[in-house]
Amino acid sequence: MPTEQLRSNPGVSPRPRGEERRLSILRIAVELFSAGGYNTVSLADIARHVGISQAGILHYYPTKAALLLAVLQQRDDENGLLLAAQEKAGIAGLEAYIGMLAENDLRPELVRLFVVLRAESTAVEHPAHSWFMQRNGKTMPIVTQDVRDIVDESKLPPGVTAEVISRWLLALAHGLGAQWVTDPSSFDRAGHVRLFIDLLGPYLKEPASQSSTTTHTTPRR
Numbered sequence: 005m006p007t008e009q010l011r012s013n014p015g016v017s018p019r020p021r022g023e024e025r026r027l028s029i030l031r032i033a034v035e036l037f038s039a040g041g042y043n044t045v046s047l048a049d050i051a052r053h054v055g056i057s058q059a060g061i062l063h064y065y066p067t068k069a070a071l072l073l074a075v076l077q078q079r080d081d082e083n084g085l086l087l088a089a090q091e092k093a094g095i096a097g098l099e100a101y102i103g104m105l106a107e108n109d110l111r112p113e114l115v116r117l118f119v120v121l122r123a124e125s126t127a128v129e130h131p132a133h134s135w136f137m138q139r140n141g142k143t144m145p146i147v148t149q150d151v152r153d154i155v156d157e158s159k160l161p162p163g164v165t166a167e168v169i170s171r172w173l174l175a176l177a178h179g180l181g182a183q184w185v186t187d188p189s190s191f192d193r194a195g196h197v198r199l200f201i202d203l204l205g206p207y208l209k210e211p212a213s214q215s216s217t218t219t220h221t222t223p224r225r
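Going left to right, the sequence shown walks through residues 5 to 225 as the working numbering numbers them.
Set out below in structure tokens:
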């Protein structure tokens with residue numbers, strides 16, 4: 005950072021060089037993994053785009069798999085902060101979920117990253133397989149509770165439960181994401197998910213019987 009810029013911003017501490025380099029590596033990894041997937045991108049490719057040696061990458065991330073998991077975890081951490089901010093503002097449950105989708109869609113490369121890696125990671129040998137399995141295991145109970153908070157399950161058709169609706173909801177968001185990344189201007193993904201939730205209208209609880217807002221810290225997407 006130029007000396008003049010430091011002097012023009014008194015009281016603002018510059019980001020440590022190592023932290024800037026780490027974030028640059030993560031940013032380039034997102035771009036390359038989202039474009040070509042994990043299997044077709046090498047550490048040498050990432051190093052070349054960052055402008056450092058492969059050894060420089062290994063200083064921060066000992067393996068390509070470690071870098072991949074760091075990319076995924078950073079994305080989930082960002083979503084966690086987003087959800088926490090919405091819930092602090094009184095927006096929670098499925099409404100917060102829709103808001104998160106809308107925010108995610110402002111960064112198509114990150115939506116594409118999850119579309120590509122989620123598909124790749126169905127192979128058990130993929131380094132992100134366990135990560136996505138664990139994430140799904142944490143996400144389903146949270147979304148199911150979000151649905152249960154507003155839906156009267158006694159009104160639902162036979163065989164349909166809050167868990168079933170939650171699976172439909174997540175499958176819809178993920179499937180629409182796979183369509184949306186090919187042409188982000190073609191439709192509003194978050195808006196389409198909202199329309200699905202609106203269809204639950206006949207099955208909603210009376211307002212007085214709906215559960216109070218619960219703060220969720222596990223990112224949902």
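Where is the CB? At the ideal position from N, CA and C, for every residue including glycine.
The three-state reading of DSSP puts Leu160 in coil, since its state is none of H, G, I, E or B.
Non-local C-beta neighbours of Val34 in its own chain, meaning closer than 7 Å and more than five positions away in sequence, comprise Val75, Glu113, Leu114 and Leu117, ordered along the chain. Here the alpha carbons of Arg21 and Arg152 stand approximately 47 Å from one another. The DSSP assignment places complete alpha helix (DSSP H) segments of no fewer than 4 residues inside the segment 157-214 at 166-184 and 193-202, in order along the chain. Counting of Cβ neighbours within 10 angstroms places Arg139 among the buried residues, the total reaching 16 or more. Of the other Cβ atoms in all chains shown, 16 or more fall within 10 Å of the Cβ of Phe37; this residue is therefore buried.
Contact between the segment 145-163 and the segment 180-194 is absent: fewer than 3 CB-CB pairs across the two stretches fall below 8 Å.
Taking one beta carbon from each stretch, the segment 161-180 and the segment 195-212 have 3 or more pairs nearer than 8 Å; the two touch.
For the pair Ile29 and Leu173, the Cα-to-Cα distance works out to about 33 Å. Spatial neighbours of Gly41 in its own chain (CB-CB distance under 6 Å, excluding positions within 5 residues in sequence) are listed in chain order as Val120 and Glu124. The residue from Arg111, Glu24 and Lys92 with its alpha-carbon nearest to that of Ser189 is Arg111.
The distance from the Cβ of Leu176 to that of Phe200 is about 6 Å, consistent with a contact at the 8 Å cut-off. Per DSSP, the unbroken alpha helix (DSSP H) holding Asn108 starts and ends at Gly97 to Asn108.
Within a 10 Å sphere around the beta-carbon of Ala89 sit fewer than 16 other beta-carbons, which makes this residue exposed. Leu71 and Gln58 have their C-alpha atoms some 12 Å from each other.
As DSSP reads the structure, Val151 sits in no beta bridge.
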